[in-house]
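K.L.:
There's a structure below that I have some questions on.
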Amino acid sequence: MIISITMNPSVDISYPIEKFTLNTVNRVKSVVKTAGGKGLNVARVLHQTNVEVLAGGMIGGYLGKFIEAELDKESIQHRFFAINGQSRNCIAILHEKKQTEILEQGPVISEDEAERFLKHFEQLIEQASILTFSGSLPAGLPDNYYAKMIALCDEKNKAVALDCSGNALKEVLSNKTKPLLIKPNKEELGALVGRSVENNVESLKEVLSLPLFDGIEWIVVSMGVDGAFAKHKNTFYQVTIPKIEVINPVGSGDATIAGLAQALDRRQSDEMILKHGNTLGMLNAQEKITGHVNMQNYQNLMNQIQVEKV
Ligand code: ATP
1 MIISITMNPS
11 VDISYPIEKF
21 TLNTVNRVKS
31 VVKTAGGKGL
41 NVARVLHQTN
51 VEVLAGGMIG
61 GYLGKFIEAE
71 LDKESIQHRF
81 FAINGQSRNC
91 IAILHEKKQT
101 EILEQGPVIS
111 EDEAERFLKH
121 FEQLIEQASI
131 LTFSGSLPAG
141 LPDNYYAKMI
151 ALCDEKNKAV
161 ALDCSGNALK
171 EVLSNKTKPL
181 LIKPNKEELG
191 ALVGRSVENN
201 VESLKEVLSL
211 PLFDGIEWIV
221 VSMGVDGAFA
231 KHKNTFYQVT
241 IPKIEVINPV
251 GSGDATIAGL
261 AQALDRRQSD
271 EMILKHGNTL
281 GMLNAQEKIT
291 GHVNMQNYQN
301 LMNQIQVEKV
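Numbering (the UniProt record's numbering), first residue to last: 1 to 310.
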């Protein structure tokens, strides 16, 4: 089975308000509360494609219980490590065609919890054929925590598809044991190399050939409406996607990771791995609810994707 890890999940609250006014009371008629976090989106998408998936990570307090109950409602298996702190709320205020977000930092993980999680995680790894790690690390964990988790997976010969950014990603890249795949978007790639990356084949090839990425077998740079660019060992691929009607692209990167991990797990061809990942990304962008994909449109979209060696 695929294990999808979310280290700092949240209860995502969405408040639609016609007019949002500062410094006064704003009343909300309809509220939507869902279990959120990038790895939970990965798990949801995998579940909809009928793949056996288990969601894991750290969770705490009554908000943690809410997240587990939501996953139960969707029949998604989970095995989280319970922490003392409280999982977070993330609020999105939808007003006047804008979105104002209030994101809590979330719990602070103690040293003891950090150590105990690794023991719990070591057991979890046994059940996995491949793992995905998505999103930021909660406060209290050192930047090299994903690197430590990848080292544990490596000891058991389990591949990891990693979707994170910033210092946690830098630490992973400088570590000896590497994930099988990383999926930065263009902005995350730019932040990593310290300059903005142009969307052309030559500059993408040059950036992905930097020594920084040595030892990473797969790098998939997702580029939203522009599809993706990828490097597998020494081969580069340009992925061209069709124009589609987009409803809500939030979480498309998570859907892409779900597809990439699933196709890698099935040892599919490079072309199929990239097509499957991008198709799920696009299907997510066509839905209102993050992490949802309508598989009825799968084949039609898949047929329109081009993967070219460049
Ligand atoms: P997120 O952080 O919201 O999960 P991301 O920035 O990591 O997203 P994107 O590059 O936006 O990831 O999207 C991943 C994939 O989903 C793209 O490579 C593409 O295949 C598809 N996709 C995303 N946005 C669009 C769009 N507007 N039109 C068509 N396809 C899209």
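Quick reminder that beta carbons are idealized off the backbone N, C-alpha and C, glycines included.
None of these values were measured; they are calculated from a predicted model.
1) So what's L137 in DSSP terms, helix, strand or just coil?
2) Which residues mark the beginning and the end of the beta strand (DSSP E) in which K98 is found?
3) Just the C-alpha distance for L283 and R79, rounded to the nearest angstrom, thanks.
4) Would the C-beta of M282 count as close to the ligand ATP, meaning under 6 Å from any of its heavy atoms?
5) Hey, could you find the ends of the beta strand (DSSP E) Q238 is sitting in?
6) Whole-angstrom Cβ separation of C153 and I125, contact assumed at under 8 Å?
7) Name the DSSP bridge partner or partners of Y15?
8) Anyone know if the C-beta pair for F213 and V310 falls short of 7 Å?
9) Beta-carbon within less than 6 Å of H276's beta-carbon, same chain only, minus the 5 sequence neighbours each way: which residues are those?
10) Helix, strand or coil: how does DSSP classify K178 here?
11) Report yes if the C-beta of D254 is less than 6 Å from at least one heavy atom of the ligand ATP; otherwise report no.
12) Between I67 and the rest of its own chain, which residues show a CB-CB distance below 7 Å, the 5 nearest in sequence each way excluded?
13) Taking all protein chains shown into account, decide if N15 is buried (16 or more other Cβ within 10 angstroms of its Cβ) or exposed.
14) Counting C-beta neighbours from all protein chains within 10 Å, is the total for N278 16 or more, i.e. buried, or is it exposed?
15) Give the DSSP-derived three-state secondary structure of residue 312 in the structure shown.
16) Work out the CA separation of S209 and N199 for me, nearest whole Å.
17) Leaving aside the five residues before and after Q99 along the sequence, list all residues of the same chain whose C-beta is less than 8 Å from its C-beta, in chain order.
18) Compute the Euclidean distance between the alpha carbons of D270 and V250, then round it to the nearest angstrom.
19) Quick test of your reading: V160 and L180, contact by CB under 8 Å. State the CB separation rounded to the nearest angstrom.
20) Grab me the residues of I305's own chain with a C-beta within less than 6 Å of its C-beta, minus the 5 sequence neighbours each way, in chain order.
21) Identify the continuous beta strand (DSSP E) that holds G291 and give its terminal residues.
22) Pick helix, strand or coil for N185, following the three-state DSSP scheme.
23) If you count every other CB in all the chains shown that lies within 10 Å of the CB of I247, and 16 or more means buried, which is it?
24) Would you kindly work out how many angstroms separate the C-alpha atoms of G56 and S196, rounded to a whole number?
25) Which partner residues does D112 have in the DSSP bridge list?
26) Measuring alpha carbon to alpha carbon, tell me which of K176, I182 and K231 ends up nearest S203.
27) Run through DSSP, which three-state label would I76 get?
28) Flag this pair as yes or no: are the beta carbons of P107 and P138 separated by less than 7 Å?
P.N.:
Straight from the coordinates:
1) In the three-state DSSP reduction, L137 falls in the coil class, being neither helix nor strand.
2) Segment K98 to L103, the beta strand (DSSP E) holding K98.
3) Near 27 Å, if we compare the C-alpha coordinates of R79 and L283.
4) Checking the Cβ of M282 against the ligand ATP gives yes.
5) That run of the beta strand (DSSP E) goes T235 to T240.
6) In this structure C153 touches I125 by the C-beta definition: roughly 6 Å separates them, less than 8 Å.
7) Beta-bridge pairing links Y15 to I93.
8) No, Cβ-Cβ distance for F213 and V310 is not below 7 Å.
9) Once the five neighbours on either side are set aside, the close Cβ partners of H276 are G259 and A263.
10) The three-state reading of DSSP puts K178 in coil, since its state is none of H, G, I, E or B.
11) Checking the Cβ of D254 against the ligand ATP gives yes.
12) Excluding sequence neighbours, I67 sits near P9, V11, A35, I59 and S87.
13) Per the sequence shown, residue 15 should be read as Tyr rather than Asn. It is buried - the Cβ of Y15 has at least 16 other Cβ atoms within 10 Å.
14) Flag for N278 reads buried.
15) Outside the shown range of the chain (1 to 310) lies residue 312, about which nothing can therefore be said.
16) Their Cα atoms are separated by approximately 15 Å.
17) Closer than 8 Å at Cβ, skipping near neighbours: A92 and I93.
18) Each residue's CA atom was taken as its position, placing D270 and V250 some 25 Å apart.
19) With a beta-carbon spacing of about 6 Å, V160 and L180 fall inside the 8 Å limit used to define contacts.
20) By the criterion of a C-beta distance shorter than 6 Å, I305 is surrounded in its chain by I241, K275 and N278, once the five residues flanking it on both sides are discounted.
21) Careful: G291 lies outside any beta strand (DSSP E) and carries neither H nor E.
22) It is a strand residue.
23) When all chains shown are included, I247 counts as exposed.
24) Computed Cα separation, rounded: 34 Å.
25) D112 pairs with nothing; no bridge assigned.
26) Among K176, I182 and K231, the Cα nearest to that of S203 is on K231.
27) Coil, per DSSP.
28) Yes; because the gap between Cβ atoms is below 7 Å, this pair is in contact.
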